[in-house]
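If you're matching positions, the sequence shown starts at 419 in the working numbering and goes up one per residue. Glycine included, C-beta positions come from ideal geometry on N, C-alpha and C.
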Amino acid sequence: MTNRFVRPDIAEMEPYIPIVPFEVLSARLGRAPEEIVKLDANENPYGPSPKALEALRNGRFFHIYPDPESNELREALSSYVNMPKSRLLTGMGADELIDLVLRVVLSPGDVVIDCPPSFGMYPFSTAVNSGQYVQVWRKKDFSLDIAGIETAVAQNPNAKVLFLCSPNNPDGSTISDTDLRRLLQLPLLVVLDEAYVDFAFDLNRGERGEHREEKENSAPSASSAVNNSSRIQWTLEYDNLAVLRTFSKLAGLAGLRVGYGAFPEWLLPHLWKIKQPYNINVAASLAALASLEDQQWLHEKVQLLVTERERLFAELGTIRYLNPFPSRSNFILCQVIGRDAQTLKLDLEKEGILVRYFNKPGLDNCIRISAGRPEETDRLITELHHLGE
Ligand SMILES: *Cc1c(COP(=O)(O)O)cnc(C)c1O
């Protein structure tokens, strides 16, 4: 029985299942954290840049509240993404920005359109904000059902927000310019999640952001060493587009919680009004700033991870019972054929190798493996061969 004070929609929500903390899992497996091959959460195995660690060690103002406007960080981001600072807002991870946008936009019952399988925070934050969650399933190859999205919008006059994720978590596919431009014609706020955009290039082509078909838009931002396949600058062209980015995957700062986004002009004042004043803490801000000053390091690690993604893909293709999907991100989704994916996950776990397991619609009997260090790929592949004997 629920208390009469609890909001009925909250009372009905499924409880959140927390992940097992890394230290706890390490103790349970009887292995030191350094021995564990952690390929289950798309974290950056190289960790933060040495400059970020140094900035944290040298921090002198941890006893002072942070700048509510994160001016220094937004200034640095402004030159990094080549966008006016006034259009950028930082968040406690991109996750907070997903929630903030929905808090501003949704009245109870308003519709949010999502294209599963995709990121779990979209349905979560929709539910917390009393939105109505409408799903337009991706096709078998994980491409978007564009006509299906248009139909869903036509059928839901109170549709307000469309979440798109490119590269998409958990499969790593990207959205083409043509599809994105078509979806931007809809009377919706489109939230494009680019958490993995820094990995969205093909090593062999030598050209970043290879998914672009419209060459006139492929000019890289002069200041950014790491990324030029982002559509963040499209927010200057479309006033119904928000683009989210994060330091979690690129800069190895997942544990410090810092993300940012570019938003339409009309939305920003409202986001500013409702955000918690001290959402970006002093440590997160120092580390993010120092990371941006170490773009050479970020760039090297991205190159290593994309190289490793390609090698991992080739190696996984040699495992009889796995069907890997091509990915433009720092992870690879595999369908497990003729055996139980959960058992496989647990067998790997016993050897100290962590992968993500899924078994839900669109992700039937699947595992997702993050790109790690070369030696981590080696251990994984050896074990996968061993388990196939
Ligand atoms: C990891 C992730 C994020 C958010 O990351 P934060 O750590 O909250 O910045 C956002 N979107 C997708 C698709 C992700 O996988």
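- The straight-line gap separating the alpha-carbon atoms of residue 526 and residue 545 is approximately 10 Å.
- Between residue 705 and residue 470, the alpha-carbon positions lie close to 4 Å from each other.
- Per DSSP, the beta bridge partners of residue 776 are 784.
- Within the same chain, and ignoring the five residues on either side of residue 672 in sequence, the residues whose Cβ sits closer than 6 Å to its Cβ are 461 and 666.
- Less than 7 Å divides the Cβ of residue 747 from the Cβ of residue 614.
- Taking the Cβ atoms as the reference, residue 806 lies roughly 19 Å from residue 729, outside the contact range of under 8 Å.
- Going by DSSP, residue 611 is part of no alpha helix (DSSP H) but of the beta strand (DSSP E) stretching over 607-611.
- For residue 532, the enclosing beta strand (DSSP E) stretches over residues 529-532.
- For the pair of segments examined, the segment 552-566 was found not to touch the segment 710-730: the number of CB pairs separated by less than 8 Å stays below three.
- In the three-state scheme derived from DSSP, where H, G and I count as helix and E and B as strand, residue 792 is classed as helix.
- For the 7 Å CB-CB criterion, residue 531 and residue 572 do not form a contact.
- Take the alpha-carbon of residue 679 and the one of residue 756: they are about 42 Å apart.
- With at least 16 other beta carbons inside 10 angstroms of its own, residue 501 counts as buried.
- Restricted to the segment 647-689, the beta strand (DSSP E) segments that are unbroken, complete and at least 3 residues in length are 659-664 and 677-680, listed in chain order.
- Of the other Cβ atoms in all chains shown, fewer than 16 fall within 10 Å of the Cβ of residue 480; this residue is therefore exposed.
- The segment 473-488 makes contact with the segment 691-701: 3 or more CB pairs, one atom from each, lie closer than 8 Å.
- Sorting 712, 770 and 775 by C-alpha distance to the C-alpha of residue 761 places 775 at the top.
- DSSP links residue 551 through a beta bridge to 530.
- Remark: the C-beta of residue 587 is in contact range of ligand 1, defined as less than 6 Å to any heavy atom.
- Placement of the Cβ of residue 681 at a distance of 6 Å or more from every heavy atom of ligand 1 is found.
- Under the three-state reduction of DSSP output, residue 445 falls in the helix class.
- Pairing residue 550 with residue 517, the inter-Cα distance amounts to about 14 Å.
- Shortest gap from the CB of residue 666 to any heavy atom of ligand 1: under 6 Å.
- Between the beta-carbon of residue 781 and that of residue 535 there is about 5 Å, and that keeps the pair under the 8 Å contact cut.
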